[in-house]
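Chains U and Y supply the protein sequences, listed in that same order. For the first sequence, our numbering gives the first residue as 9, with consecutive numbering after it. For the second sequence, our numbering gives the first residue as 9, with consecutive numbering after it. Backbone N, C-alpha and C define an ideal beta-carbon position, used for all residues, glycine too. Reading through the structure tokens given below for one structure.
2 protein chains.
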Amino acid sequence: MSKVGIKDIAAETGVSIATVSHALRNPGRVSDETRRKVLAAAKKAGYTPNRLAASLRTARSGNIVVIIPDVADSLNGKIITGIENVARSRGYSVLLGNTQGSEKREREFAAMTLSSQADGIILMSHRMPFSAPAGGLVIDKLPPIVNGCENTGVDGIPCVSVDDRQAAIDATNHLLGLGHREIAVITGDMESASSRNRLQGFREAMQAAGLPVNEHWLTYGNYLPGDGEIAARKLMVQKDRPTSIFCFSDEMAIGCMHALQEQGFKVPGDMSVMGFDGIPFARYVTPSLTTIAQPTEEIGANCARILFDLIEGKSPETLQTFLPHELVVRESTSPIEQNRARK
Amino acid sequence: MSKVGIKDIAAETGVSIATVSHALRNPGRVSDETRRKVLAAAKKAGYTPNRLAASLRTARSGNIVVIIPDVADSLNGKIITGIENVARSRGYSVLLGNTQGSEKREREFAAMTLSSQADGIILMSHRMPFSAPAGGLVIDKLPPIVNGCENTGVDGIPCVSVDDRQAAIDATNHLLGLGHREIAVITGDMESASSRNRLQGFREAMQAAGLPVNEHWLTYGNYLPGDGEIAARKLMVQKDRPTSIFCFSDEMAIGCMHALQEQGFKVPGDMSVMGFDGIPFARYVTPSLTTIAQPTEEIGANCARILFDLIEGKSPETLQTFLPHELVVRESTSPIEQNRARK
DNA sequence: TTTTTTATGTAAAACGTTTTACAAGTGCTC
DNA sequence: GAGCACTTGTAAAACGTTTTACATAAAAAA
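As structure tokens, this is what we get:
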């Protein structure tokens with residue numbers, strides 16, 4: 009039983025393969041009569057067109073590759089879900105490019121566009137996975153590409169994310185509103201613009217409140233729970249301690265709370281903790297985590313929509329898409345008065 | 009600047025395209041001299057072979073599709089990571105088949121093998137995504153396929169998972185060992201063999217201890233935190249309450265604990281809670297969760313290895329691969345004495 | 001020297017589609 | 001009845017590789 013191809017359907021139906029193809033792809037091009045016959049024969053024979061052949065001919069793979077540090081990350085998982093949904097609805101498939109942060113892998117996956125395996129790239133990284141020729145990267149030499157959550161800084165590449173700066177301002181203002189003056193920060197990877205923008209927002213909010221930023225209380229993390237634990241321990245041994253900690257990811261915030269509680273500190277009694285991301289588990293830790301929720305699925309979906317438009321030749325309306333974030337107040341932050349009372 | 013193809017390299021080098029192809033794929037087939045020239049020209053021109061064309065010719069897409077209910081799930085994310093790593097090392101790419109449990113989507117993704125988009129399937133579902141012809145499914149009419157964590161029950165399909173029955177026995181024995189006699193269970197989807205096997209293991213362990221299973225305390229969930237919350241609330245209003253709850257997923261256990269604590273019950277003081285899966289967050293909830301850890305990445309990696317062997321014509325050594333689970337004892341379970349004391 | 005093997009290169013077919021350019025038939029208009 | 005437009009169908013080229021079968025030259029064996 010060799011595989012059934014378009015020829016078999018043509019033979020079965022008594023028409024040419026061109027007609028079969030038209031009947032399938034281009035209904036108006038053949039008579040209803042013929043179309044019915046072809047469809048029936050195709051169904052009967054269980055014919056599934058070979059997508060490779062079609063892609064080769066049309067120079068469209070119908071795939072996109074999403075380059076992302078870690079699928080297993082709560083945030084990324086949701087983003088991919090958003091991408092996947094849109095992709096399926098538009099007839100595309102998604103190739104997974106899990107990089108663990110490795111630049112080499114980022115480039116390998118990006119190269120799939122060069123070998124016609126993928127028509128475009130959704131890039132959740134701050135690095136451009138292509139070498140710049142002399143004179144720098146030129147956008148129209150590049151395959152269609154969209155930046156999600158991150159920003160490579162290369163001109164002309166659409167970006168979709170929350171307004172990190174404003175989100176950090178909102179987060180900081182929440183803490184300030186509770187009376188906190190002494191706020192520590194655990195950042196993400198400072199190579200990435202998102203983390204830099206958040207820090208920037210934090211500084212602006214502090215400045216606007218007329219408060220100094222204590223650089224002692226700035227710790228550089230990398231989004232993982234372990235980073236939060238380490239940072240928390242480092243902060244706790246300092247003589248002058250902050251009254252609250254703003255973490256640039258929920259995972260770090262959760263690790264941070266864990267370490268604090270382990271050492272006998274009460275959250276939020278002794279220390280308020282604020283997260284960022286809005287992962288589902290933030291609700292379930294104790295105390296539940298106050299955070300800035302990102303519209304993750306929507307970010308993914310928007311990336312996908314823009315990318316498909318790009319692939320199909322429409323240029324995006326705007327290069328920078330900010331999706332709304334949301335301050336979710338839960339139990340891990342409380343007014344400073346309460347703090348002092350306990351001390 | 010049209011795309012550079014094998015012809016260009018051939019022209020540039022002054023050899024035939026056959027020679028270029030050999031130089032690239034089949035080093036022994038050409039002289040060192042020629043090979044060097046070809047490689048140099050290819051590099052200089054930035055030649056990347058069109059994978060679609062190669063795949064069409066060789067009838068090998070180099071892709072596999074992993075059909076999975078939800079990438080965003082903590083457990084699945086890790087499994088995919090394991091798959092991805094092995095895939096990359098063997099030169100395969102992975103297509104993502106996110107189904108949200110929909111059978112329709114499972115079939116759509118499975119059909120990628122029919123259209124030559126994928127060479128094989130890793131299936132994390134308990135349903136076969138192909139219609140059975142008269143006479144039932146025959147394994148050698150099917151594309152290469154491996155079952156991960158689940159089992160379709162179709163003969164001849166390799167399965168990789170933990171020994172769910174034994175794992176449930178271990179979990180139950182842990183609770184029994186702490187003195188618990190009254191154990192409630194929140195199951196997963198009972199359509200799936202894994203959940204059925206776990207329940208079976210639970211029953212066996214209870215029976216071995218000479219204890220009855222109280223069917224009132226059996227709740228059917230679907231692995232999500234919300235299911236745990238609902239189940240917990242349902243259990244708490246019953247007159248006779250168990251002293252411990254065995255949840256078939258950590259997510260449910262976490263939801264369960266959350267609901268219990270919300271209603272003023274102490275975990276583990278009033279109620280011990282046991283999970284299943286060993287997701288990273290289990291460490292970070294309060295109290296930290298006792299659970300059965302699955303070797304998720306290894307499960308993924310093994311699925312992938314077996315699938316690639318299958319694709320490449322080697323038949324698997326064994327159809328049923330059990331990977332070792334591990335009982336991770338944390339704070340959410342405690343001896344019954346403590347329970348009674350508080351009451 | 002002649003014959004046989006080995007090394008290296010190539011022409012051409014094949015993979016399974018899509019699409020262009022053309023042909024033939026049908027009906028309509030004037 | 002000629003001219004025209006429209007409808008429907010088809011032959012054949014093209015997409016960019018891999019691979020088979022063969023050719024030639026050089027080296028080895030006789």
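Contact with chain Y by residue i, beta-carbon distance below 8 Å
i, result
"residue 292/U", "yes"
"residue 57/U", "yes"
"residue 102/U", "yes"
"residue 106/U", "yes"
"residue 335/U", "no"
"residue 89/U", "yes"
"residue 123/U", "yes"
"residue 48/U", "no"
Residue i versus residue j - alpha carbon distance
i, j, result
"residue 326/Y", "residue 307/Y", "15 Å"
"residue 245/U", "residue 344/U", "21 Å"
"residue 264/Y", "residue 193/Y", "11 Å"
"residue 39/Y", "residue 12/Y", "24 Å"
"residue 166/Y", "residue 133/U", "36 Å"
"residue 287/Y", "residue 256/Y", "12 Å"
"residue 318/Y", "residue 131/Y", "14 Å"
"residue 88/Y", "residue 305/Y", "7 Å"
"residue 44/Y", "residue 123/U", "22 Å"
"residue 179/Y", "residue 283/Y", "9 Å"
"residue 74/U", "residue 92/Y", "13 Å"
"residue 253/U", "residue 212/U", "17 Å"
"residue 299/U", "residue 292/Y", "17 Å"
"residue 354/U", "residue 59/Y", "As displayed, chain U neither begins before 9 nor continues past 351, which places residue 354/U out of reach and without an answer."
"residue 242/U", "residue 174/U", "28 Å"
"residue 310/Y", "residue 279/U", "44 Å"
"residue 330/U", "residue 158/U", "12 Å"
"residue 323/Y", "residue 84/Y", "26 Å"
"residue 19/Y", "residue 119/Y", "40 Å"
"residue 214/U", "residue 189/U", "9 Å"
"residue 7/Y", "residue 102/U", "Chain Y is shown only over 9 to 351; residue 7/Y falls outside these bounds and no answer can be derived."
"residue 313/U", "residue 290/U", "29 Å"
"residue 205/Y", "residue 198/Y", "9 Å"
Any C-beta of chain U under 8 Å from that of residue i
i, result
"residue 69/Y", "yes"
"residue 439/Y", "Outside the shown range of chain Y (9 to 351) lies residue 439/Y, about which nothing can therefore be said."
"residue 151/Y", "no"
"residue 332/Y", "no"
"residue 131/Y", "no"
Interface partners of residue i on chain Y, CB under 8 Å
i, result
"residue 92/U", "79, 104, 106"
"residue 63/U", "60"
"residue 209/U", "Correct list: empty, because the minimum Cβ distance to chain Y is about 27 Å."
"residue 15/U", "Within 8 Å Cβ-Cβ: nothing; residue 15/U doesn't reach chain Y, min ~15 Å."
Partner residues on chain Y for residue i, Cβ-Cβ distance less than 7 Å
i, result
"residue 147/U", "Result: empty, since nearest Cβ-Cβ is about 14 Å, beyond 7 Å."
"residue 276/U", "In chain order: nothing, as chain Y lies at least about 14 Å away."
"residue 137/U", "Chain Y residues near residue 137/U: none, gap ~14 Å exceeds 7 Å."
Given residue i as reference, the closest of the options once Cα atoms are compared
i, options, result
"residue 140/U", "314/Y, 36/Y, 54/Y", "54/Y"
"residue 100/U", "218/U, 70/U, 153/U, 242/U", "70/U"
"residue 169/Y", "328/Y, 47/Y, 233/Y", "328/Y"
"residue 46/U", "22/U, 68/U, 62/U, 58/U", "22/U"
"residue 201/Y", "293/Y, 261/Y, 161/Y", "161/Y"
"residue 183/U", "17/U, 342/U, 159/U, 16/U", "342/U"
"residue 235/Y", "249/Y, 113/Y, 258/Y, 63/Y", "258/Y"
Residue i (DSSP reduced to helix, strand or coil)
i, result
"residue 29/U", "helix"
"residue 138/Y", "coil"
"residue 129/U", "strand"
"residue 349/Y", "Because the pLDDT at residue 349/Y is just 44, under 50, the model does not fix this residue reliably, and the point stays unresolved."
"residue 243/Y", "helix"
"residue 334/Y", "strand"
"residue 56/Y", "coil"
"residue 157/Y", "coil"
"residue 308/Y", "helix"
Listed by chain order, chain U residues near residue i by CB distance under 7 Å
i, result
"residue 266/Y", "292"
"residue 289/Y", "289"
Within chain U, partners of residue i - CB distance below 8 Å
i, result
"residue 119/Y", "56"
"residue 86/Y", "80"
Partner residues on chain U for residue i, Cβ-Cβ distance less than 9 Å
i, result
"residue 303/Y", "Those do not exist, as residue 303/Y stays about 14 Å from chain U at its closest Cβ, beyond 9 Å."
"residue 233/Y", "288, 289, 291, 292"
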